[in-house]
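Right, one structure below, let's go through it.
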Amino acid sequence: MARGRVQLAWLLGLGGLGALFSLPLWASTYVVGLLQALFAYVALASAWALFSGLSGYFSLGSAAFFGVGTYATFLLAPVVGWIPSILLGAGMGGLVALGVGGISLRLKGPYFAILTFGLSELVRYLVLGYEMRFSRTVGRVLILPVDVGGVYLAVLAVAVAAVGLSMWLYGSRYGRLLAAIGADEGRLESLGFRTTGLKVTMFAVSGVLSAAVGGALAPRWTYIDPHIAFSPLISFQTVLMALLGGATRWWGPPLGALTLGLVSEFLSIRFRYLYLILLGLLLIVLVRFWPRGLVEVEDRARRWRGRRLPLGEERRAELQPGWSAESDP
Amino acid sequence: MDVRLFLEIGAGGILLGGLYALIAVGLNLQYGLMRVLNVAHGEFVMLGAYVTYTLYTSLGVNPLLGLVLQVPLFFLLGWAIYGVVYRGVLEQGGGPVQLEANSLLLSFGLLFILENLALVVWGPSLRGYQYLHHSVSILGTLFPTNRLVALGVALLLTVLLLGFLHRTALGTALRALMQDPEGAEAVGLPLVRLHGLSFGLGCALAGLTGSLVSMLFTLTPSIGMPYTITALVVIILGGLGNVAGSLLGGLLLGVLEALGAYVVGADMRTALIYALLVAVLLFRPYGLFQTRAPSPGQTAGG
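Chains as they are written, first to last, in the numbering used here: chain A, 18 to 346; chain B, 9 to 310.
In structure tokens, the structure reads:
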């Protein structure tokens, strides 16, 4: 890319960020509320993709981290304040991820997915059991003096961190290592690479960010119980959004989150059942014709213009007969 | 523990377990070809339950006859879904990560479609009917007749299924496919036809289990997901790709669940199931009845 275009991209990016962070000053409460929900999806999807997107270890445990963050804020915010409680919750999310990652990352493929799901459901029922037996209540109430704009800014900050980290990761040596883990971990290990450290680290980073989303959104709830904070729908939705966008690019998961979030915002209230039927059909058609998600927009454009595939795609091209003919002259 | 309590818990557990086993075998058959969690599997149970319900309440078709009628219907449905939805995607290639991602997305798509179609057709309210509702006394304990009939049907089906999978050439081919897809292809098994067959068979099993479910419990369009999750737990207990393991695992889980509800209380029963799932995955990841991976293809990156 020419230097001028790089500078332009930076300027546009900074301008966009400025506009987003100043949004509560000039946009309506409705818009701020809508974007707050959308950016929470973006943050969760990007955080998920930081570990699972490239490595192929599909985690179904986002809800566990999200719930830990939510509960941390509900319990700690009255003592230490809201922002510190988000940070503490994020730290706890990271610790949980280190623990879970340490025991679960030796399992691969569907075993890992099912284990993360099982652990996150186990956490939900253990918290529920604890609350019923020792707290003598199921739910908790929290009222914080934070308005929609404040929650929006916190969510946006987490989303920017998650997307920014993804941008860096996908272009870095670590991103390529994670992609290599996804392609053939055994071969990578036999070449002398150590994969465990990287996997656990990225899983922990993903846990920190997902928990931070929970803490940032917490003031919006005012009431929570384990079924809300640890709802398995959070995990499913996150994976769905990230994969819909396509996890082979850093901008795939955010794109998927924005698309699905917007579509559901406008269609789900008026045509609830019909919307979900259409969504199902859309998913099936999309997977059939755009197997790599919405990010295929770029690949199609690139192919159409006759460019070479970006680095790291050769391996996939090798696996797809239809591609190799075009990418290898 | 006195005899009556023991009988009650035991019979309840085996009944639940029989249902779980049938659903789980269906999921395991499909897992064998797709290598991924088919999260829509329980929706076929839900659909089967509603079809039986509708046949009985509006046309007066006996639920047990409805169950028999449903088998070819659900087989064709599953076979068609495989041909239209899955086949093209599985043949796209693109490596294990993409395949896993895409079949997960596909099954989510199916889940949304089926559950919401049911909501459109039958509405969100609870449905149910009474069939064989009187009780019979066995050894001084009262058992509802429909439970005993469902138990009998589930056990009969289990035996038939085991016979089919272990005593016929087709069944042996299906087991080979589940245990080692690459090897099965290498010895010349017709992969595409077997895939369609096992998907259809999985759906048929889910559908007819749904018929039994409709005889026992009330229905809502959202009952599918819990069955999917239970079936996942069962196939992990029994080992992915291991049919006999799924049957045993299902019975075991049913009995444990009934016992657990009695010992730790109904509210902690679900926690118990998940604790079991996690423990098995951590200590015996290839199932309770196997100590090593059935084939290299199932674990390496798969």
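Glycine is no exception: its CB is placed at the ideal position from the N, C-alpha and C atoms. Every value quoted in this text rests on a predicted model; they were computed, and no experiment measured them.
Quiz item: Within 8 Å (strictly less), CB to CB, does Ala-266/B reach chain A?
Solution: No - not a single Cβ of chain A is within 8 Å of the one on Ala-266/B.
Quiz item: In chain A, which residues lie less than 7 Å from Asn-124/B when you measure between Cβ atoms?
Solution: Result: Tyr-290, Leu-293, Ile-294.
Practice problem: Spatial neighbours of Val-158/A within its chain, please: CB distance less than 8 Å, with the 5 preceding and 5 following residues excluded, ordered by chain position. | Solution: Excluding residues up to 5 positions away in sequence, Thr-239, Tyr-240 lie with their Cβ nearer than 8 Å to the Cβ of Val-158/A in the same chain.
Exercise. Please confirm if the segment 53–61 of chain A is in contact with the segment 268–282 of chain A, defined as three or more CB-CB distances below 8 Å between the two stretches.
Key: Cβ pair count under 8 Å is three or more, so yes.
Self-check item: Where Tyr-240/A falls: helix, strand or coil (DSSP)
Solution: Tyr-240/A: strand per DSSP, three-state reduction.
Quiz item: Do we get a CB-CB distance below 8 Å when we pair Pro-270/A with the residues of chain B?
Solution: Chain B places no beta carbon closer than 8 Å to that of Pro-270/A, leaving this residue out of the contacts.
Quiz item: If Leu-37/B and Leu-220/B are in contact, beta carbons under 8 Å, what's the gap, nearest whole angstrom?
Solution: Actually they are not in contact, since the Cβ atoms of Leu-37/B and Leu-220/B sit about 18 Å apart, beyond 8 Å.
Practice problem: Can you tell me the Cβ-Cβ gap for Leu-290/B and Ile-120/A, rounded? I've got them flagged as a contact below 8 Å. | Solution: Confirmed, Cβ separation roughly 6 Å.
Exercise. From the DSSP output, in three-state form, read off Ile-31/B for me.
Key: Secondary structure at Ile-31/B: helix, using DSSP grouped into helix, strand and coil.
Exercise. Let me know the secondary structure DSSP gives Val-163/A once reduced to three states.
Key: Residue state, collapsed to three classes: coil.
Quiz prompt | Beta-carbon neighbours of Glu-424/A, restricted to chain B and to distances below 7 Å | solution = Outside the shown range of chain A (18 to 346) lies residue 424/A, about which nothing can therefore be said.
Quiz prompt | For Ser-137/A and Glu-99/B, the rounded distance between their alpha carbons | solution = The alpha-carbon separation between Glu-99/B and Ser-137/A amounts to approximately 33 Å.
Quiz item: Hey, is Leu-199/B's beta-carbon within less than 8 Å of any beta-carbon in chain A?
Solution: By this cut-off, Leu-199/B is not an interface position.
Quiz item: What are the boundary residues of the beta strand (DSSP E) that Val-155/A is part of?
Solution: No beta strand (DSSP E) contains Val-155/A, which DSSP labels as neither H nor E.
Practice problem: Let me know if Phe-24/A comes out buried or exposed under the rule of 16 or more other beta-carbons within 10 Å of its beta-carbon. | Solution: Inspection of the sequence shows that residue 24/A is occupied by Gln rather than by Phe. So Gln-24/A ends up on the exposed side.
Quiz prompt | Closest Cα partner of Ser-133/B within the set Phe-82/B, Leu-245/B, Leu-75/B, Pro-229/B | solution = Ranked by Cα distance from Ser-133/B, the first of Phe-82/B, Leu-245/B, Leu-75/B, Pro-229/B is Pro-229/B.
Exercise. Answer yes or no: do Ser-227/A and Leu-61/A have a C-beta to C-beta separation smaller than 8 Å?
Key: Between Ser-227/A and Leu-61/A, the C-beta gap is smaller than 8 Å, which places the two residues in contact.
Quiz item: When the Cβ atoms of the segment 225–242 of chain B are set against those of the segment 255–272 of chain B, are three or more pairs found closer than 8 Å?
Solution: Counting C-beta pairs closer than 8 Å gives three or more between the segment 225–242 of chain B and the segment 255–272 of chain B, which meets the contact rule.
Exercise. Look at the alpha carbon of Ile-231/B and the alpha carbon of Leu-114/B, and state the distance between them as a whole number of angstroms.
Key: Whole-angstrom Cα-Cα distance: 20 Å.
Quiz item: Is it buried or exposed for Asp-316/A, if we count other Cβ within 10 angstroms and need 16 for buried?
Solution: A residue is called buried when at least 16 other Cβ atoms come within 10 angstroms of its Cβ; Asp-316/A meets this threshold and is buried.
Quiz prompt | 4 or more residues per run - each alpha helix (DSSP H) lying fully within the segment 38–114 of chain A | solution = Fully enclosed alpha helix (DSSP H) runs of 4 or longer: 40–43, 46–65, 79–97.
Quiz item: Does Thr-307/B come within less than 8 Å of chain A when only Cβ atoms are used?
Solution: In this prediction, Thr-307/B scores a pLDDT of 41, lower than 50, which makes its location untrustworthy; the coordinate-derived value is nonetheless stated afterwards. So yes, Thr-307/B belongs to the interface.
Quiz item: Taking C-alpha atoms, which residue in Trp-43/A, Tyr-58/A, Ala-318/A lies nearest to Ala-179/A?
Solution: Comparing alpha carbon positions, the residue from Trp-43/A, Tyr-58/A, Ala-318/A closest to Ala-179/A is Tyr-58/A.
Quiz item: Helix, strand or coil: how does DSSP classify Ser-143/B here?
Solution: Strand at Ser-143/B.
Practice problem: Return the residues of the segment 117–139 of chain A that lie within a Cβ-Cβ distance of less than 7 Å from chain B, sorted by chain order. | Solution: Answer set for the segment 117–139 of chain A: Ile-120, Leu-124, Lys-125, Gly-126, Pro-127, Tyr-128, Ala-130, Ile-131, Leu-132, Gly-135, Leu-136, Glu-138, Leu-139.
Quiz item: Can you list the residues of chain B that Ala-200/A reaches, using a CB-CB cut of under 7 Å?
Solution: Simply Gly-103.
Quiz item: Does the beta-carbon of Asn-70/B have 16 or more other beta-carbons within 10 angstroms, so that it is buried, or is it exposed?
Solution: A residue is called buried once 16 or more other Cβ atoms fall within 10 Å of its Cβ, and Asn-70/B, having fewer, is exposed.
Quiz item: To the nearest whole angstrom, what separates the beta carbons of Tyr-94/B and Phe-207/B, a pair I think is in contact under 8 Å?
Solution: Confirmed, about 7 Å.
Practice problem: State yes or no: is the C-beta of Ala-36/A within less than 8 Å of the C-beta of Ile-103/A? | Solution: No Cβ-Cβ contact shorter than 8 Å links Ala-36/A with Ile-103/A.
Quiz item: Would you say Ala-88/B reaches chain A, if we count a Cβ-Cβ gap shorter than 8 Å as a contact?
Solution: Output row for Ala-88/B: interface = no.
Exercise. State the start and end residues of the unbroken alpha helix (DSSP H) segment that holds Phe-225/B.
Key: That residue, Phe-225/B, is in no alpha helix (DSSP H); it is neither H nor E in DSSP.
Quiz item: How would you label Gly-98/A, buried or exposed, when you count the other beta carbons within 10 angstroms and need 16 or more for buried?
Solution: Classification for Gly-98/A: exposed.
Practice problem: Counting only the same chain and skipping the five closest in sequence on each side, list residues whose C-beta sits under 7 Å from that of Gly-86/B. | Solution: Counting only Cβ-Cβ distances below 7 Å, and skipping sequence neighbours, we find Phe-207, Gly-208, Gly-210, Cys-211, Ala-212.
Quiz item: How would you write the range of the beta strand (DSSP E) that Phe-83/B sits in, first residue to last?
Solution: Looking at the DSSP string, Phe-83/B is not in any beta strand (DSSP E); the run it does join, the alpha helix (DSSP H), is 71–89.
Quiz item: Since Leu-202/B and Leu-170/B are thought to touch, with beta carbons under 8 Å apart, how far apart are those beta carbons, to the nearest angstrom?
Solution: Between Leu-170/B and Leu-202/B the Cβ distance is about 19 Å, and since that is not below 8 Å, they are no contact.
Practice problem: Kindly confirm or deny that the segment 74–94 of chain A and the segment 103–118 of chain A touch, where touching means at least three C-beta pairs closer than 8 Å. | Solution: For the pair of segments examined, the segment 74–94 of chain A was found to touch the segment 103–118 of chain A: the number of CB pairs separated by less than 8 Å reaches three.
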